[in-house]
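Report on one structure; see the data block that follows.
Residue numbers (mature numbering (1 follows the signal peptide of the UniProt record, and there is no 0)): -19 to -1, 1 to 187.
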């Protein structure tokens, strides 16, 4: 995993150098991630987080461009189950047990963009999510318990569709939805899928 992260940073440095010597644009971006997680067909409560990263775009023509990004964010979901305990001959409700599932990722979205007009574009691509860590936090009768998950794939794939609007030559806003077409857990683990919305702002240096 450390090797993959190093390669991502090398990609980022290469993109920056290229941007200074070609028509490629380079910038930074950040915003809001809202993820929806499913176990089998059970929908968990959504999870909110931020994302931040860098972006590079290479024009292919007046209408098309190729964009690559490196982002950090967190995906996951939340749910709760009623806690019960046998006291004598009675089953006593001890309150809800709450679970919080967290997947910290370095994501590399790569997309093709189509410009309807110079300031407005649509995009389609694939988001490659490299898992840094996967944890489950449980709030139970016996206190808070946190554990690492070994069932999550090292690499998750999220196809996405998005749109971008340029406010001016430097600032832009964008949004995309990453679809849950592929399972995030390993083959023999609980079938798990995650879809998520990302929306934010960015600044291009050139």
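We treat Cβ as the ideally placed atom computed from N, Cα and C, and that holds for glycine.
Open item on the list: For a quick check, are the C-beta atoms of residue 107 and residue 91 less than 9 angstroms apart?
Closed with: yes
TODO: State the DSSP-derived secondary structure class of residue 81, mapped to helix, strand or coil.
DONE: strand
Open item on the list: Less than 9 angstroms between the C-beta atoms of residue 138 and residue 176, yes or no?
Closed with: no
Task: Proximal residues to residue 44 (C-beta, below 8 angstroms), its chain only, five neighbours per side dropped - done: 95, 96
- [ ] Confirm, please, whether the CB-CB distance from residue 12 to residue 31 is below 9 angstroms.
- [x] yes
- [ ] Along the beta strand (DSSP E) that carries residue 156, what are the first and last residues, could you check?
- [x] 152 to 159
Task: Touch test, the stretch 141 to 151 against the stretch 113 to 122, Cβ-Cβ under 8 angstroms, three pairs minimum - done: no
Task: Pair within 9 angstroms by beta-carbon distance, residue 183 and residue 160 - done: no
Task: CA nearest to the CA of residue 83, picked from 54, 77, 62, 61 - done: 54
Open item on the list: For a test of the three-state rule: what should DSSP assign to residue 18, helix, strand or coil?
Closed with: strand
Task: Closest by C-alpha distance to residue 80, when choosing among 8, 40, 179, 27 - done: 27
Task: Test item: CB-CB of residue 6 and residue 186 under 9 angstroms - done: yes
Task: Sequence-distant residues of its chain with Cβ nearer than 6 angstroms to residue 39 (five each side left out) - done: 5, 47
Open item on the list: In whole angstroms, give me the CA-to-CA distance for residue 29 and residue 178.
Closed with: 10 angstroms
Open item on the list: By the DSSP assignment, the beta strand (DSSP E) with residue 33 in it spans what residues?
Closed with: 28 to 40
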